[in-house]
Amino acid sequence: MVSRKIVSTVSICAFSIMFSCALQAKEVVNFWGRSEQSSLPMLVNEFNKSQDKITVKLNEIPNIQMLTKLSAAVAVNNPPDLVAIDLVYFPELNRSEQLIDLTDKIGTMDYVSQLSDALKAIGSYNGKFYAVPFAAESSLLFYNKTLFREAGLDPNRPPETLGELREYSEKIRALGKDYYGFAIPGTSSGGLAFTFTPYFWANGGDIISADGKKSVVNSENNKRTLTFFHNLYKDGLMSPLSRTDSALNDAFSSGKVAMVGSGAFTFKVFKDNYPNLDYGVTYFPGEEKGNWASFTGGDAFALPVGSKHQQAAIDFINWTLSKQTQIELMAKNGYVPTRMDASDNPYSQQDPKYLLANKALAKGHTPFLVPYNETFNAINSPYLTMIQKAVFEGKIDEALKTADQKMNQIIKMSEE
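Listed below in structure tokens is the structure:
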């Protein structure tokens, strides 16, 4: 009897040890993602529930801290296994050789051919693939349909030219002193890069050369664009909030501003917080009808040099980019799918705004620039200073000349 108890006890202990080992055998992927990307907790949670071999542990880091923290971690050979970073930072990361070449690891996956050229280009370096876009964003012009109706405008016909944008702004302004046709996030460097730069592109201009080697900002096309918006501000058609605010969602959703730029991510924000807001979206227009532009942004996965669980991280990337995940998680929950072949799905078809956002991805621009942060996103970046000085003060020639000089200085310093 005693021997049976001993055997039974030993068996229980052995089973407990085996069960404990089975739990410990689960591979853990240390994942850093920027806190501004709201889809990450959902993706990680669903992936962890979908299988029993890998656990992805998400550490959310503010975008402004990500590059510094990642560089420090790579330098001491203690990086995360996987990162999700704003696409615009990949030229800098790739040139500093902080990321692992993924060409052989994911280059043959079916989703690669379904990513837009702009998204693939920004994550590539010397013909190699270092980044996998998973959360694409396109910037768009949002317009308030209720205000359009009140001003006698067709709510289903947004402006197709800059001339029409001014015409519509005049009619909205005529509704009363508290109503404005247009606004820009004049103190947000990142917001302006995302929602104002497309006006330059739509008008035939640009900020940085295609190879990222020099500034091309001081051009006649850009001068015409800045002159247009300065006149809009000077004539009282642009909300004074433009000079002081970094975010315009409240002004737009309250019905005081008719047209603002934002990203496709705002669809979900408005759906969750302003369900009764009647609005539409369109592309950013230029002077000529048919000329339009959009900034293609978003986040991409990458493996830092020193990643210790590379295949497990790749498994998570492949799962996220699968057509099933892109439709049944991303699209179903209000996000724009990154795969082009997932754009026309039952969820997006319920709202034409999503279909238009997907079309914008195909034609969108993304600046390829190593010192992107210093040029565009920094608090006192030359890009931000240029727009403030040109649009609000009317010093257009001076603003363009100074921006051109400072941008070239920043690029030159980054190459030393």
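Per mature numbering (1 follows the signal peptide of the UniProt record, and there is no 0): the sequence shown = residues -25 to -1, 1 to 391.
Glycine included, each C-beta is placed from N, C-alpha and C at the ideal position.
In the DSSP assignment, Y208 falls within the alpha helix (DSSP H) that extends over E195 to K209.
Comparing alpha-carbon positions, the option among P16, R9 and G261 lying closest to T200 turns out to be G261. Assigned with DSSP and collapsed to three states, P260 falls in strand. Its Cα nearest to that of R141, the residue F157 stands out among F157, D153, P357 and L150. Residue state for S389 is assigned as helix, using DSSP reduced to three classes. DSSP places A111 in the uninterrupted beta strand (DSSP E) bounded by V107 to N119. Residue environment: I354 is assigned as exposed (fewer than 16 neighbouring CB atoms within 10 Å of its CB, all protein chains considered).
Look at the beta carbons and you see the region 337 to 352 not touching the region 121 to 141: under three pairs across the two are nearer than 8 Å. In the structure shown, the three-state DSSP call for F157 is strand. Looking at D181, F276 and V235, the one whose alpha-carbon comes closest to that of R9 is F276.
Here P215 is exposed, its C-beta having fewer than 16 other C-beta atoms within 10 Å.
No Cβ-Cβ contact shorter than 8 Å links A168 with S14.
Residue environment: E390 is assigned as exposed (fewer than 16 neighbouring CB atoms within 10 Å of its CB, all protein chains considered).
Non-local beta-carbon contacts of K188 in its own chain, meaning distances under 8 Å to residues more than five positions away in sequence, involve I386 in chain order. Around W267, the same chain offers A177, Y258, F259, P260 and G261 as residues with beta carbons nearer than 7 Å, after the five sequence neighbours per side are excluded.
Sorting P54, S221, V311 and G102 by C-alpha distance to the C-alpha of S164 places S221 at the top. In this chain, the alpha helix (DSSP H) harbouring M41 covers N38 to A50. When C-alpha distances from F175 are compared across E373, E303, F270 and L77, the shortest belongs to F270. For E2, the enclosing beta strand (DSSP E) begins and ends at E2 to R9. A Cβ-Cβ separation of about 4 Å places N69 in contact with Y100 under the 8 Å criterion. When rounded, the separation of the alpha-carbon atoms in Q12 and Q40 is 14 Å. M305 is the residue among F203, A365, M305 and K243 whose C-alpha sits nearest the C-alpha of L18.
N333 has its alpha-carbon roughly 7 Å from the corresponding atom of M315. Excluding five sequence positions before and after V63, the CB atoms of its chain that fall closer than 6 Å to its own CB belong to Y347, given in chain order.
It is roughly 21 Å from the alpha-carbon of M213 to the alpha-carbon of D253. Just measuring C-alpha positions, the residue of L90, F104 and I289 sitting nearest G339 is L90.
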